[in-house]
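Chains as they are written, first to last, in the numbering used here: chain A, 80 to 354; chain B, 80 to 354.
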């Protein structure tokens with residue numbers, strides 16, 4: 080029993096100085112209207128704040144503008160500051176501006192207004208979780224825009240396989256990125272998880288190294304695998320899209336599997352925070 | 080110049096005893112209503128018949144029942160017998176029957192009636208070129224059907240990247256197969272081109288070997304590459320979805336590039352038919 084206890088805490092042997100949190104499926108379950116907060120999550124985030132452990136929310140949520148998402152989280156009772164939310168939308172906006180790109184948009188109608196589209200022919204296709212906007216006509220329009228580019232450039236806001244919404248699994252943006260990659264024989268650039276750049280921006284903002292951080296998420300590939308890919312420990316929670324059949328996973332072994340965010344934070348604070 | 084002429088005919092050094100023809104983009108261009116016949120194609124097919132060279136039409140067309148397709152070709156003036164048309168739909172029906180599979184269908188509304196769906200839960204997802212039926216809701220339904228199977232089984236009627244319709248390129252079934260493969264972490268079974276089984280069934284029906292046959296198509300991967308993959312020479316025509324930017328292709332080098340079907344048949348009959 081002692082051996083097991085030691086093994087259980089091994090991943091916390093080096094101190095935790097910053098935490099990265101996925102939002103959907105970790106802080107709340109998406110569902111009709113607003114979705115529902117996952118019990119204990121609001122208190123868990125408050126405990127991190129009280130313990131002085133910096134945290135950042137790293138989400139691939141692109142069906143809602145970040146301002147609305149922030150409002151929603153605060154409505155649930157989460158105490159989150161604006162700068163603590165990292166989403167692919169502002170990251171993509173920075174990329175478009177920096178490289179002076181004109182995007183052809185295939186995104187959710189709610190976030191179309193976030194992207195100021197310049198004039199001239201499109202120089203990239205920007206793909207988000209468009210949900211019902213993923214029609215054959217819209218996918219063809221994106222496909223043709225790529226084929227018309229001298230050098231097709233596909234930028235995907237995340238690369239997830241699927242997620243849970245209204246108690247059902249549904250296809251995520253990664254499946255549609257894959258379809259366009261195949262049709263146009265290109266490889267997309269990912270803005271968001273599991274892109275290392277995205278994780279590193281959040282780490283840099285907390286002023287902690289990858290080895291000092293822990294990521295908590297419900298997506299074994301994008302959250303846990305993505306974090307581990309850049310040296311961050313990955314905790315998988317059994318909420319959101321988690322199903323027991325996910326484990327063991329062919330390529331990703333979480334550093335820890337926790338019941339939920341409250342359990343994950345409990346473990347981190349009890350064992351992982353050392354001077 | 081002599082050296083070039085010799086090289087040009089090298090692919091015809093071994094005799095041609097059977098010809099495989101793609102339909103759309105080779106015999107006719109698809110378009111509004113019926114599409115338009117490609118000039119010289121009707122005569123080219125007639126010349127093969129007159130020369131006693133057996134041929135089979137190997138199509139991945141799954142938006143139309145084969146009976147309607149045959150009628151359409153005859154309406155254009157092509158002299159085609161029923162047994163000369165090889166399409167993924169009857170091939171898939173044989174597979175479903177042989178393995179006693181209950182399909183969840185994501186196909187074109189026009190061909191839904193071709194598949195008699197048995198009772199009980201779906202044991203495979205059958206994917207065809209569904210065109211506007213490729214909605215987010217329908218893709219999610221197929222995705223969930225796969226996720227509900229103890230061993231997800233995805234059968235795709237072809238695996239093309241794109242094709243030309245109404246003078247525009249549009250996404251083919253392969254892009255959507257790829258999306259579901261990615262989301263469910265499965266590999267699809269292909270019924271149709273470029274599956275070697277499909278080519279071999281047509282060859283066997285003509286009683287010719289792969290080395291004795293030539294495939295004429297406008298899809299460099301599915302037609303030319305697929306045929307070459309099972310030892311059949313592949314001729315690429317510059318009609319249909321052909322664009323000059325396709326060449327050189329990273330993985331496929333056609334045995335011959337012809338202007339159109341008439342040109343391809345001209346070359347085969349002039350140089351390739353020997354005793």
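Just so it is clear, CB atoms sit at the ideal spot from N, CA and C, and this is done for glycine as well.
Residue 155 of chain B to residue 247 of chain A span [Cα, whole Å]
Working through the second chain from its first residue, we reach residue 155 of chain B at position 76. Working through the first chain from its first residue, we reach residue 247 of chain A at position 168. In a straight line, the C-alpha of residue 155 of chain B is about 48 Å away from that of residue 247 of chain A.
For residue 166 of chain B and residue 236 of chain B, what's the separation of their Cα atoms in angstroms?
Counting from one through the second chain, the residue named residue 166 of chain B turns up at place 87. Counting from one through the second chain, the residue named residue 236 of chain B turns up at place 157. For residue 166 of chain B and residue 236 of chain B, the distance between alpha carbons rounds to 9 Å.
Quick check: the Cα distance between residue 273 of chain A and residue 294 of chain A, rounded to an integer number of angstroms?
On the first chain, residue 273 of chain A is found 194 positions in, with the first residue counted as 1. On the first chain, residue 294 of chain A is found 215 positions in, with the first residue counted as 1. Approximately 12 Å between the Cα atoms of the pair.
Rounding to the nearest angstrom, what Cα-Cα distance links residue 122 of chain B and residue 278 of chain B in this structure?
To locate residue 122 of chain B, count along the second chain from 1; it is residue 43. To locate residue 278 of chain B, count along the second chain from 1; it is residue 199. Going from the Cα of residue 122 of chain B to the Cα of residue 278 of chain B covers about 24 Å.
So residue 262 of chain A contacts chain B; which residues on that side make the cut at Cβ distance below 7 Å?
As a first step, residue 262 of chain A is located in the first chain; it is residue number 183 there, counting from the start. By Cβ distance, chain B contributes 240, 241, 250, 254.
Could you pull out every residue in the same chain whose Cβ sits closer than 7 Å to the Cβ of residue 171 of chain A, ignoring the five residues on either side in sequence?
In the first chain, residue 171 of chain A corresponds to position 92, counting from 1. Within the same chain, residue 171 of chain A has close Cβ partners 205, 234, 236, 270.
Rounding to the nearest angstrom, what Cα-Cα distance links residue 213 of chain B and residue 290 of chain A in this structure?
If you number the second chain from 1, residue 213 of chain B lands on position 134. If you number the first chain from 1, residue 290 of chain A lands on position 211. The straight-line gap from Cα to Cα measures roughly 44 Å.
For the beta strand (DSSP E) that residue 268 of chain A lies in, which residues bound it at each end?
As a working mapping, residue 268 of chain A is identified with position 189 in the first chain. That run of the beta strand (DSSP E) goes 268 to 270.
Could you pull out every unbroken alpha helix (DSSP H) segment of at least 4 residues lying fully inside the segment 298 to 349 of chain A, listed in chain order?
305 to 308, 340 to 346
On the CB-based measure, 16 or more other CB atoms within 10 Å of its CB, does residue 176 of chain A come out buried or exposed?
Locating residue 176 of chain A in the first chain gives position 97, counting from the first residue. The residue is exposed, with fewer than 16 neighbouring Cβ atoms inside 10 Å.
Hey, out of A/117, A/231, A/345, A/352, whose CA is closest to residue 72 of chain A's CA?
There is simply no residue 72 of chain A to check, as chain A begins at 80 and stops at 354 in what is shown.
CB contact below 9 Å: residue 95 of chain A versus chain B:
As a working note, residue 95 of chain A is residue 16 in the first chain. Cβ-Cβ to chain B under 9 Å: no for residue 95 of chain A.
Using DSSP with H/G/I as helix, E/B as strand and the rest coil, what is residue 89 of chain B?
Numbered from its first residue, the second chain carries residue 89 of chain B at position 10. Reduced to three states, the DSSP call for residue 89 of chain B is helix.
Identify each residue in the segment 256 to 288 of chain B for which the Cβ-Cβ distance to at least one residue of chain A is less than 9 Å, and report them in chain order.
256, 257, 258, 259, 260, 261, 262, 263, 264
Is there a Cβ from chain A that is less than 9 Å from the Cβ of residue 294 of chain B?
In the second chain, counting from the first residue as 1, residue 294 of chain B sits at position 215. By this cut-off, residue 294 of chain B is not an interface position.
Inter-residue CB distance, residue 261 of chain A and residue 254 of chain B (contact presumed, cutoff 8 Å)
By 1-based counting over the first chain, the position of residue 261 of chain A is 182. By 1-based counting over the second chain, the position of residue 254 of chain B is 175. Indeed, because the Cβ distance is near 5 Å, the residues count as touching under 8 Å.
I want to verify the contact list: residues of chain A whose CB lies under 9 Å from the CB of residue 362 of chain B, in sequence order.
Given a span of 80 to 354 for chain B in the structure shown, any question on residue 362 of chain B remains unanswerable.
With contact counted as at least three CB pairs below 8 Å, one residue from each stretch, are the segment 333 to 348 of chain B and the segment 125 to 144 of chain B in contact?
yes
Starting from residue 105 of chain B, follow the beta strand (DSSP E) in both directions and report where the run begins and ends.
Along the second chain, read from residue 1 onward, the residue named residue 105 of chain B stands at position 26. Looking at the DSSP string, residue 105 of chain B is not in any beta strand (DSSP E), and its letter there is neither H nor E.
Run through DSSP, which three-state label would residue 115 of chain B get?
Residue mapping note: residue 115 of chain B aligns to position 36 of the second chain, counting from 1. Strand at residue 115 of chain B.
Straight-line Cα distance separating residue 245 of chain B from residue 225 of chain A
The residue you call residue 225 of chain A lines up with position 146 of the first chain. The residue you call residue 245 of chain B lines up with position 166 of the second chain. One C-alpha to the other measures close to 19 Å.
Could you tell me whether the Cβ of residue 103 of chain A comes closer than 9 Å to any Cβ of chain B?
As a working mapping, residue 103 of chain A is identified with position 24 in the first chain. Judged by the 9 Å Cβ criterion, residue 103 of chain A is not in contact with chain B.
Quick one: what does DSSP say residue 185 of chain B is sitting in, helix, strand or coil?
Translated into positions along the second chain, residue 185 of chain B becomes position 106. DSSP places residue 185 of chain B in strand when its eight states are reduced to three.
Does any residue of chain A bring its CB to less than 9 Å from the CB of residue 368 of chain B?
The structure shown does not extend to residue 368 of chain B, since chain B spans only 80 to 354, so no value can be given for it.
Would you list the residues sitting across from residue 292 of chain A in a DSSP beta bridge?
Within the first chain, numbered from 1, the residue matching residue 292 of chain A stands at position 213. Bridge partners of residue 292 of chain A: A/97.
Entirely enclosed alpha helix (DSSP H) segments - the segment 218 to 291 of chain B, minimum 4 residues
252 to 263, 275 to 285
Mind listing the chain B neighbours of residue 214 of chain A? Cutoff is C-beta to C-beta under 9 Å, in chain order.
Here residue 214 of chain A refers to the residue found at position 135 of the first chain. Correct list: 211, 213, 214, 215.
If you draw a straight line from the alpha carbon of residue 33 of chain A to that of residue 323 of chain A, how long is it in whole angstroms?
A query on residue 33 of chain A cannot be resolved here, the shown segment of chain A reaching from 80 to 354 and no further.
Compare the C-beta of residue 339 of chain A with all C-beta atoms of chain B and state if any pair is closer than 9 Å.
Residue mapping note: residue 339 of chain A aligns to position 260 of the first chain, counting from 1. No, residue 339 of chain A does not count as interfacial toward chain B.
Taking 8 Å as the threshold, find out whether the segment 129 to 146 of chain A comes into contact with the segment 94 to 104 of chain A through three or more Cβ pairs.
yes
Which word fits residue 162 of chain B, buried or exposed, when buried means at least 16 other C-beta atoms lie within 10 angstroms of its C-beta?
As a first step, residue 162 of chain B must be located in the second chain, where it is residue number 83. Exposed: under 16 other Cβ atoms inside 10 Å.
Cβ of residue 139 of chain A less than 9 Å from any chain B Cβ?
For this step, residue 139 of chain A is matched to residue 60 along the first chain. Not one chain B Cβ lies under 9 Å of residue 139 of chain A.
By the 8 Å beta-carbon criterion, what residues does the segment 300 to 316 of chain B contribute toward chain A?
none
Is it buried or exposed, residue 230 of chain B, if we count other Cβ atoms within 10 angstroms and call 16 or more buried?
For the purposes of this step, residue 230 of chain B is taken as residue 151 along the second chain, with counting starting at 1. By the 10 Å Cβ count, residue 230 of chain B comes out exposed.
If I measure Cβ to Cβ from residue 258 of chain A and keep anything under 8 Å in the same chain, skipping five residues before and after, which residues do I get?
If you number the first chain from 1, residue 258 of chain A lands on position 179. Only 218 meet the Cβ criterion.
Can you check which of these residues, B/329, B/335, B/149, B/238, is closest to residue 311 of chain B by C-alpha distance?
As a working note, residue 311 of chain B is residue 232 in the second chain. Residue B/335 is the option with its Cα nearest to residue 311 of chain B.
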